[in-house]
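See structure below.
Numbering (mature numbering (1 follows the signal peptide of the UniProt record, and there is no 0)), first residue to last: -29 to -1, 1 to 44.
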């Protein structure tokens, strides 16, 4: 018997599982000026969504701070 590979099915299953792993964690600044949703995959990779660039920057900073990421600029 030949072994048949189904990469599309495996990829679809992995993507579906990664979406079910973690719900978005809303974060917002004390004044409520910036806000973002941070969702992490099972491997800890953050996916950040926000309504504007300020919120995206705030979410990036928050996700980096929680994971110990050091950004130098």
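All residues carry an ideal CB built from backbone N, CA and C; glycine is no exception.
Please read all numbers here as calculations on a predicted model, not as lab measurements.
- Task: Return the CA-CA distance between residue 26 and residue 6, expressed in angstroms with no decimal places.
- Result: 5 Å
- Message: As a quick exercise: from 38, 34 and 39, pick the residue whose alpha carbon is nearest that of residue -3.
- Response: Looking at the Cα atoms, 34 is the closest of the given residues.
- Query: Below 7 Å between beta carbons: does that hold for residue 9 and residue 30?
  - Reply: Cβ atoms of residue 9 and residue 30: closer than 7 Å.
- Message: Quick check on this structure: which residue in 17, 12 and 21 has the alpha carbon closest to the alpha carbon of residue 39?
- Response: 17
- Helix, strand or coil: which one does DSSP assign to residue 7? Annotated three-state conformation of residue 7 is strand, per DSSP.
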